[in-house]
(Lines of atoms letter the chains of each structure in order from A and count residues from 1; the text may use other names and numbers.)
(Lines give C-alpha, C1' and ligand atoms only; values in the text may rest on other atoms or scores of the structure.)
Protein backbone atom coordinates (compact mmCIF):
# COMPACT_ATOMS: atom_id res chain seq x y z
CA UNK A 1 0.00 0.00 0.00
CA UNK A 2 1.35 3.47 -0.85
CA UNK A 3 2.28 6.06 1.80
CA UNK A 4 -0.56 8.23 0.47
CA UNK A 5 -3.11 5.46 0.99
CA UNK A 6 -1.83 4.77 4.51
CA UNK A 7 -2.19 8.46 5.35
CA UNK A 8 -5.73 8.56 4.02
CA UNK A 9 -6.73 5.50 6.02
CA UNK A 10 -5.12 6.80 9.21
CA UNK A 11 -6.72 10.22 9.03
CA UNK A 12 -10.25 9.55 7.82
CA UNK A 13 -11.90 9.19 11.23
CA UNK A 14 -10.08 12.24 12.62
CA UNK A 15 -10.74 14.59 9.71
CA UNK A 16 -12.40 17.75 11.00
CA UNK A 17 -14.81 19.96 9.09
CA UNK A 18 -13.39 23.41 8.41
CA UNK A 19 -16.73 25.19 8.58
CA UNK A 20 -20.04 24.24 10.15
CA UNK A 21 -22.77 24.21 7.49
CA UNK A 22 -25.96 26.11 8.16
CA UNK A 23 -29.61 25.27 7.65
CA UNK A 24 -31.58 27.88 5.67
CA UNK A 25 -34.47 28.11 8.13
CA UNK A 26 -35.53 27.26 11.65
CA UNK A 27 -34.71 23.53 11.98
CA UNK A 28 -38.23 22.72 13.12
CA UNK A 29 -39.72 24.53 10.15
CA UNK A 30 -37.34 22.80 7.74
CA UNK A 31 -38.07 19.39 9.23
CA UNK A 32 -41.82 19.97 8.90
CA UNK A 33 -41.29 20.96 5.27
CA UNK A 34 -39.24 17.89 4.38
CA UNK A 35 -41.68 15.53 6.09
CA UNK A 36 -44.60 17.18 4.31
CA UNK A 37 -42.86 16.89 0.93
CA UNK A 38 -42.11 13.20 1.52
CA UNK A 39 -45.68 12.62 2.73
CA UNK A 40 -47.00 14.18 -0.48
CA UNK A 41 -44.72 12.00 -2.62
CA UNK A 42 -45.73 8.70 -1.00
CA UNK A 43 -49.19 8.29 -2.60
CA UNK A 44 -47.76 9.17 -6.00
CA UNK A 45 -45.14 6.42 -5.95
CA UNK A 46 -47.46 3.94 -4.23
CA UNK A 47 -50.20 4.66 -6.75
CA UNK A 48 -48.14 3.13 -9.55
CA UNK A 49 -46.47 0.36 -7.56
CA UNK A 50 -47.31 -3.20 -8.70
CA UNK A 51 -49.46 -1.86 -11.51
CA UNK A 52 -48.66 -2.20 -15.22
CA UNK A 53 -45.99 0.34 -16.13
CA UNK A 54 -44.12 1.38 -19.21
CA UNK A 55 -40.43 1.14 -18.40
CA UNK A 56 -38.13 3.29 -20.53
CA UNK A 57 -34.38 2.89 -20.63
CA UNK A 58 -32.20 5.97 -20.29
CA UNK A 59 -28.90 6.35 -22.17
CA UNK A 60 -27.02 4.82 -19.21
CA UNK A 61 -29.33 1.77 -19.44
CA UNK A 62 -31.04 2.54 -16.15
CA UNK A 63 -34.85 2.26 -16.09
CA UNK A 64 -37.30 5.13 -15.59
CA UNK A 65 -41.08 5.18 -15.21
CA UNK A 66 -43.89 7.67 -14.85
CA UNK A 67 -43.56 7.20 -11.08
CA UNK A 68 -39.94 8.46 -11.11
CA UNK A 69 -40.88 11.48 -13.19
CA UNK A 70 -44.04 12.31 -11.25
CA UNK A 71 -42.43 12.12 -7.81
CA UNK A 72 -39.52 14.31 -8.88
CA UNK A 73 -41.86 16.87 -10.45
CA UNK A 74 -43.88 17.03 -7.23
CA UNK A 75 -40.83 17.46 -5.01
CA UNK A 76 -39.37 20.11 -7.30
CA UNK A 77 -42.64 22.04 -7.13
CA UNK A 78 -42.68 21.92 -3.33
CA UNK A 79 -39.07 23.13 -3.11
CA UNK A 80 -39.49 25.87 -5.71
CA UNK A 81 -42.55 27.24 -3.93
CA UNK A 82 -41.00 27.28 -0.47
CA UNK A 83 -37.34 27.99 -1.33
CA UNK A 84 -37.27 29.72 -4.74
CA UNK A 85 -33.63 30.83 -4.41
CA UNK A 86 -32.39 27.28 -3.87
CA UNK A 87 -30.93 25.04 -6.55
CA UNK A 88 -32.28 21.60 -7.38
CA UNK A 89 -30.41 18.56 -8.70
CA UNK A 90 -32.54 15.54 -9.53
CA UNK A 91 -32.24 12.31 -11.46
CA UNK A 92 -34.93 12.89 -14.05
CA UNK A 93 -34.75 16.61 -14.95
CA UNK A 94 -32.06 19.15 -15.70
CA UNK A 95 -30.34 20.75 -12.72
CA UNK A 96 -31.46 24.25 -11.75
CA UNK A 97 -29.12 26.57 -9.86
CA UNK A 98 -26.56 23.87 -9.19
CA UNK A 99 -24.08 26.49 -7.90
CA UNK A 100 -26.56 28.03 -5.45
CA UNK A 101 -25.62 28.35 -1.78
CA UNK A 102 -28.33 25.81 -0.95
CA UNK A 103 -28.86 22.85 -3.25
CA UNK A 104 -31.55 20.17 -2.94
CA UNK A 105 -30.63 16.77 -4.36
CA UNK A 106 -33.49 14.37 -5.16
CA UNK A 107 -33.75 10.72 -6.08
CA UNK A 108 -37.50 10.16 -6.59
CA UNK A 109 -37.20 6.37 -6.68
CA UNK A 110 -33.96 4.94 -5.42
CA UNK A 111 -34.22 1.36 -6.59
CA UNK A 112 -36.31 1.65 -9.76
CA UNK A 113 -35.31 -1.89 -10.75
CA UNK A 114 -36.76 -3.09 -7.45
CA UNK A 115 -39.84 -0.95 -7.99
CA UNK A 116 -40.67 -2.32 -11.42
CA UNK A 117 -40.17 -5.91 -10.25
CA UNK A 118 -42.55 -5.51 -7.30
CA UNK A 119 -39.80 -5.65 -4.67
CA UNK A 120 -40.77 -3.27 -1.81
CA UNK A 121 -37.28 -2.09 -0.81
CA UNK A 122 -37.19 1.12 -2.86
CA UNK A 123 -37.26 4.61 -1.45
CA UNK A 124 -37.26 8.34 -2.02
CA UNK A 125 -34.14 10.32 -1.14
CA UNK A 126 -34.00 14.03 -0.36
CA UNK A 127 -30.81 15.88 0.54
CA UNK A 128 -30.08 19.53 1.27
CA UNK A 129 -26.54 20.85 0.78
CA UNK A 130 -25.09 24.12 2.06
CA UNK A 131 -22.05 25.26 0.09
CA UNK A 132 -21.62 21.69 -1.10
CA UNK A 133 -21.88 20.07 2.36
CA UNK A 134 -24.88 17.81 3.09
CA UNK A 135 -26.75 19.28 6.05
CA UNK A 136 -29.96 17.24 5.87
CA UNK A 137 -30.83 13.83 4.49
CA UNK A 138 -34.05 11.85 4.29
CA UNK A 139 -34.74 8.24 3.32
CA UNK A 140 -38.43 7.46 2.89
CA UNK A 141 -39.62 3.88 2.38
CA UNK A 142 -43.26 4.23 1.25
CA UNK A 143 -44.27 0.55 1.20
CA UNK A 144 -42.82 -0.09 4.65
CA UNK A 145 -44.01 3.17 6.16
CA UNK A 146 -40.50 3.85 7.48
CA UNK A 147 -38.37 6.97 7.29
CA UNK A 148 -34.97 8.22 8.45
CA UNK A 149 -34.14 11.90 8.82
CA UNK A 150 -30.60 13.03 9.55
CA UNK A 151 -29.45 16.53 10.53
CA UNK A 152 -25.69 17.04 10.21
CA UNK A 153 -23.81 17.21 13.52
CA UNK A 154 -27.08 16.72 15.42
CA UNK A 155 -29.06 13.48 15.21
CA UNK A 156 -30.74 10.90 13.02
CA UNK A 157 -34.35 9.98 13.75
CA UNK A 158 -36.22 6.87 12.68
CA UNK A 159 -39.94 7.20 12.00
CA UNK A 160 -41.89 3.96 11.78
CA UNK A 161 -44.30 2.08 13.99
CA UNK A 162 -44.53 3.76 17.39
CA UNK A 163 -42.84 6.95 18.49
CA UNK A 164 -39.90 8.39 16.51
CA UNK A 165 -36.59 7.38 18.02
CA UNK A 166 -32.99 8.47 17.80
CA UNK A 167 -30.69 6.21 15.79
CA UNK A 168 -27.30 4.85 16.82
CA UNK A 169 -25.03 2.68 14.72
CA UNK A 170 -23.74 -0.60 16.12
CA UNK A 171 -20.62 -0.75 18.30
CA UNK A 172 -18.94 -3.44 16.21
CA UNK A 173 -15.32 -2.71 15.44
CA UNK A 174 -13.99 -5.97 13.93
CA UNK A 175 -14.64 -7.08 10.37
CA UNK A 176 -15.05 -10.64 11.63
CA UNK A 177 -18.16 -9.55 13.56
CA UNK A 178 -19.66 -7.35 10.84
CA UNK A 179 -22.59 -7.82 8.48
CA UNK A 180 -21.89 -6.37 5.03
CA UNK A 181 -24.44 -5.29 2.42
CA UNK A 182 -24.30 -4.24 -1.19
CA UNK A 183 -27.23 -3.74 -3.53
CA UNK A 184 -25.84 -5.94 -6.30
CA UNK A 185 -22.43 -7.32 -7.23
CA UNK A 186 -23.42 -6.56 -10.84
CA UNK A 187 -22.75 -2.88 -10.11
CA UNK A 188 -19.01 -3.49 -9.75
CA UNK A 189 -16.52 -3.67 -12.57
CA UNK A 190 -13.94 -6.47 -12.43
CA UNK A 191 -11.47 -4.60 -10.24
CA UNK A 192 -14.16 -3.24 -7.93
CA UNK A 193 -15.61 -6.71 -7.52
CA UNK A 194 -12.18 -8.01 -6.53
CA UNK A 195 -11.93 -5.28 -3.89
CA UNK A 196 -15.42 -6.00 -2.60
CA UNK A 197 -14.69 -9.71 -2.36
CA UNK A 198 -11.49 -9.00 -0.44
CA UNK A 199 -13.55 -7.22 2.23
CA UNK A 200 -16.50 -9.60 2.21
CA UNK A 201 -14.36 -12.69 2.76
CA UNK A 202 -13.31 -11.19 6.10
CA UNK A 203 -16.76 -10.34 7.48
CA UNK A 204 -19.21 -12.40 9.50
CA UNK A 205 -21.95 -12.31 6.84
CA UNK A 206 -22.81 -10.59 3.60
CA UNK A 207 -26.20 -9.91 2.07
CA UNK A 208 -27.44 -8.37 -1.18
CA UNK A 209 -30.23 -5.95 -2.07
CA UNK A 210 -31.71 -2.98 -0.32
CA UNK A 211 -30.60 0.13 -2.24
CA UNK A 212 -31.01 3.09 0.14
CA UNK A 213 -32.70 0.92 2.79
CA UNK A 214 -29.36 -0.61 3.74
CA UNK A 215 -28.05 2.76 4.91
CA UNK A 216 -31.09 3.32 7.10
CA UNK A 217 -30.58 -0.09 8.65
CA UNK A 218 -26.92 0.75 9.21
CA UNK A 219 -27.90 4.00 10.96
CA UNK A 220 -30.27 2.03 13.19
CA UNK A 221 -27.59 -0.49 14.18
CA UNK A 222 -28.93 -3.53 12.33
CA UNK A 223 -26.02 -3.97 9.90
CA UNK A 224 -22.49 -2.71 9.87
CA UNK A 225 -20.96 -2.00 6.45
CA UNK A 226 -22.30 -1.01 3.02
CA UNK A 227 -20.02 -0.99 -0.03
CA UNK A 228 -21.24 0.21 -3.41
CA UNK A 229 -19.99 1.59 -6.73
CA UNK A 230 -21.44 3.30 -9.76
CA UNK A 231 -23.64 5.64 -7.74
CA UNK A 232 -24.69 9.15 -8.69
CA UNK A 233 -24.91 12.19 -6.36
CA UNK A 234 -28.65 11.77 -5.93
CA UNK A 235 -28.01 8.16 -4.82
CA UNK A 236 -25.68 8.97 -1.93
CA UNK A 237 -25.80 12.60 -0.73
CA UNK A 238 -28.94 12.14 1.39
CA UNK A 239 -27.22 9.24 3.12
CA UNK A 240 -24.33 11.30 4.49
CA UNK A 241 -26.14 13.13 7.35
CA UNK A 242 -28.15 10.02 8.17
CA UNK A 243 -25.10 7.79 8.62
CA UNK A 244 -22.83 10.37 10.23
CA UNK A 245 -25.35 11.80 12.72
CA UNK A 246 -26.08 8.23 13.88
CA UNK A 247 -22.41 7.69 14.67
CA UNK A 248 -21.21 6.08 11.46
CA UNK A 249 -18.64 7.01 8.81
CA UNK A 250 -19.36 7.36 5.09
CA UNK A 251 -16.81 8.31 2.40
CA UNK A 252 -15.62 7.25 -1.01
CA UNK A 253 -13.18 4.32 -1.37
CA UNK A 254 -10.20 6.59 -0.72
CA UNK A 255 -11.58 8.04 2.50
CA UNK A 256 -12.63 11.35 0.98
CA UNK A 257 -15.84 13.11 1.95
CA UNK A 258 -18.70 12.62 -0.48
CA UNK A 259 -19.71 15.55 -2.64
CA UNK A 260 -21.60 16.27 -5.84
CA UNK A 261 -18.38 15.48 -7.71
CA UNK A 262 -17.51 12.16 -6.02
CA UNK A 263 -16.90 9.24 -8.32
CA UNK A 264 -19.72 7.03 -7.07
CA UNK A 265 -17.78 4.48 -4.98
CA UNK A 266 -19.25 4.57 -1.47
CA UNK A 267 -18.16 2.95 1.78
CA UNK A 268 -20.35 3.33 4.87
CA UNK A 269 -19.55 1.75 8.22
CA UNK A 270 -20.98 1.70 11.72
CA UNK A 271 -17.72 2.76 13.39
CA UNK A 272 -14.44 4.43 12.55
CA UNK A 273 -12.59 1.18 13.28
CA UNK A 274 -14.73 -0.81 10.85
CA UNK A 275 -14.45 1.93 8.25
CA UNK A 276 -10.67 2.06 8.55
CA UNK A 277 -10.36 -1.71 8.25
CA UNK A 278 -12.56 -1.91 5.15
CA UNK A 279 -10.97 1.21 3.64
CA UNK A 280 -7.48 -0.22 3.93
CA UNK A 281 -8.56 -3.27 1.92
CA UNK A 282 -10.46 -1.30 -0.71
CA UNK A 283 -7.64 1.21 -1.12
CA UNK A 284 -5.10 -1.55 -1.57
CA UNK A 285 -7.06 -2.71 -4.63
CA UNK A 286 -7.60 0.77 -6.09
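Numbering (the UniProt record's numbering), first residue to last: 1 to 286. We put the CB at the ideal spot given by N, CA and C, even for glycine. Since this is a predicted model, take the numbers as computed values, not measurements.
Inset, instruction - Take residue 224 as the anchor and find which of 120, 64, 175, 32 has the nearest alpha-carbon. - result: For the purposes of this step, residue 224 is taken as residue 224 along the chain shown, with counting starting at 1. Comparing Cα positions, the closest option is 175.
Inset, instruction - Please state whether DSSP places residue 251 in a helix, a strand or coil. - result: Position 251 of the chain shown, counting from 1, holds the residue named residue 251. Three-state DSSP puts residue 251 in a strand.
Legend entry - Boundaries of the alpha helix (DSSP H) in which residue 272 is found, first to last residue: Taking the chain shown and counting its residues from 1, one reaches residue 272 at position 272. In the DSSP assignment, residue 272 falls within the alpha helix (DSSP H) that extends over 272-284.
Legend entry - Span separating the alpha-carbon of residue 121 from that of residue 235: Start at 1 with the first residue of the chain shown, and residue 121 comes out as number 121. Start at 1 with the first residue of the chain shown, and residue 235 comes out as number 235. Taken atom to atom, the span from the alpha-carbon of residue 121 to that of residue 235 is near 14 Å.
Inset, instruction - State the Cα-Cα distance for the pair residue 352 and residue 161, rounded to the nearest angstrom. - result: No answer is possible for residue 352: the residues shown for the chain start at 1 and end at 286.
Inset, instruction - Mind checking which residues open and close the alpha helix (DSSP H) that includes residue 75? - result: Start at 1 with the first residue of the chain shown, and residue 75 comes out as number 75. Segment 66-82, the alpha helix (DSSP H) holding residue 75.
Legend entry - Selection from 79, 24, 211, 129 that minimises the alpha carbon distance to residue 259: Translated into positions along the chain shown, residue 259 becomes position 259. Considering only 79, 24, 211, 129, the residue with the shortest C-alpha distance to residue 259 is 129.
Inset, instruction - Report yes or no: do the region 108-127 and the region 35-55 share at least 3 C-beta pairs separated by less than 8 Å? - result: The region 108-127 and the region 35-55 touch, with no fewer than 3 CB-CB distances between them shorter than 8 Å.
Legend entry - Exposure label - residue 184; buried when at least 16 CB within 10 Å: For the purposes of this step, residue 184 is identified with residue 184 of the chain shown, where counting begins at 1. It counts as exposed.
Inset, instruction - Identify which residue in 145, 261, 172, 199 has its Cα closest to the Cα of residue 182. - result: As a position in the chain shown, residue 182 is number 182, starting the count at 1. The alpha carbon of residue 182 has as its nearest neighbour, out of 145, 261, 172, 199, the alpha carbon of 199.
Inset, instruction - Could you work out which residue in 76, 187, 221 is closest to residue 60 when comparing CA atoms only? - result: Position 60 of the chain shown, counting from 1, holds the residue named residue 60. Taking each of 76, 187, 221 in turn and checking the Cα distance to residue 60, the smallest one comes out for 187.
Inset, instruction - Determine, using beta carbons only, whether residue 179 and residue 159 come nearer to each other than 8 Å. - result: Here residue 179 corresponds to residue number 179 of the chain shown, with the count starting at 1. Here residue 159 corresponds to residue number 159 of the chain shown, with the count starting at 1. Taking 8 Å as the Cβ cut-off, residue 179 and residue 159 do not qualify as a contacting pair.
Legend entry - Residue range of the unbroken beta strand (DSSP E) whose run includes residue 156: Along the chain shown, one-based indexing puts residue 156 at 156. Start and end: 155-159.
Legend entry - Rounded C-alpha distance that separates residue 261 from residue 233: The residue labelled residue 261 in the question sits at position 261 within the chain shown. The residue labelled residue 233 in the question sits at position 233 within the chain shown. Residue 261 and residue 233: Cα-Cα distance of roughly 7 Å.
Legend entry - For residue 238: DSSP bridge partner residues: If you number the chain shown from 1, residue 238 lands on position 238. According to DSSP, residue 238 shares a beta bridge with no other residue.
Legend entry - Exposure label - residue 140; buried when at least 16 CB within 10 Å: Working through the chain shown from its first residue, we reach residue 140 at position 140. Counting every other CB atom within 10 Å of its CB across the protein chains shown gives residue 140 a total of 16 or more, marking it as buried.
Legend entry - Spatial neighbours of residue 266 in its chain, beta-carbon cut-off 6 Å, leaving aside the 5 residues before and after: Within the chain shown, the letter at position 266 stands for residue 266. Closer than 6 Å at Cβ, skipping near neighbours: 228, 231, 236.
Inset, instruction - Measure the alpha-carbon distance for residue 95 versus residue 277 and round it to whole angstroms. - result: As a position in the chain shown, residue 95 is number 95, starting the count at 1. As a position in the chain shown, residue 277 is number 277, starting the count at 1. Computed Cα separation, rounded: 37 Å.
Inset, instruction - Taking all protein chains shown into account, decide if residue 172 is buried (16 or more other Cβ within 10 angstroms of its Cβ) or exposed. - result: Here the question's residue 172 lines up with position 172 in the chain shown. When all chains shown are included, residue 172 counts as buried.
Legend entry - Candidates 81, 91, 195, 47, of which the one nearest residue 33 by Cα: Position 33 of the chain shown holds residue 33. Checking every option, the nearest Cα to that of residue 33 belongs to 81.
Inset, instruction - Report yes if the C-beta distance between residue 215 and residue 193 is below 8 Å; otherwise report no. - result: Working through the chain shown from its first residue, we reach residue 215 at position 215. Working through the chain shown from its first residue, we reach residue 193 at position 193. Contact flag unset, no.
Inset, instruction - Measure the alpha-carbon distance for residue 242 versus residue 168 and round it to whole angstroms. - result: What you label residue 242 is simply residue 242 of the chain shown in a count that begins at 1. What you label residue 168 is simply residue 168 of the chain shown in a count that begins at 1. When rounded, the distance between both Cα atoms is 10 Å.
Legend entry - Spatial distance of residue 97 from residue 202 (CA atoms): For this step, residue 97 is matched to residue 97 along the chain shown. For this step, residue 202 is matched to residue 202 along the chain shown. Computed Cα separation, rounded: 44 Å.
Inset, instruction - Please confirm whether residue 45 and residue 124 have their CB atoms less than 8 Å apart. - result: Within the chain shown, residue 45 is the residue found at index 45, counting from 1. Within the chain shown, residue 124 is the residue found at index 124, counting from 1. Contact annotation: residue 45 and residue 124 have beta-carbon atoms nearer than 8 Å.
Inset, instruction - Give a yes or no on whether the C-beta atoms belonging to residue 90 and residue 106 are separated by under 8 Å. - result: For the purposes of this step, residue 90 is identified with residue 90 of the chain shown, where counting begins at 1. For the purposes of this step, residue 106 is identified with residue 106 of the chain shown, where counting begins at 1. Yes.
Legend entry - Beta-carbon contacts of residue 99 that lie in its chain and below 8 Å, excluding the five residues immediately before and after: As a position in the chain shown, residue 99 is number 99, starting the count at 1. Counting only Cβ-Cβ distances below 8 Å, and skipping sequence neighbours, we find 87.
Inset, instruction - Please confirm whether residue 135 and residue 49 have their CB atoms less than 8 Å apart. - result: Within the chain shown, residue 135 is the residue found at index 135, counting from 1. Within the chain shown, residue 49 is the residue found at index 49, counting from 1. In this structure, the beta-carbon distance from residue 135 to residue 49 does not fall below 8 Å.
Inset, instruction - Report the residue from 84, 255, 35 whose alpha carbon sits nearest the alpha carbon of residue 146. - result: Residue numbering aside, residue 146 sits at position 146 when the chain shown is read from its first letter. Comparing Cα positions, the closest option is 35.
Legend entry - Own chain residues within Cβ distance below 6 Å of residue 37, not counting five before or after: Reading the chain shown from its first residue, position 37 is the one you call residue 37. The residues are 75, 78.
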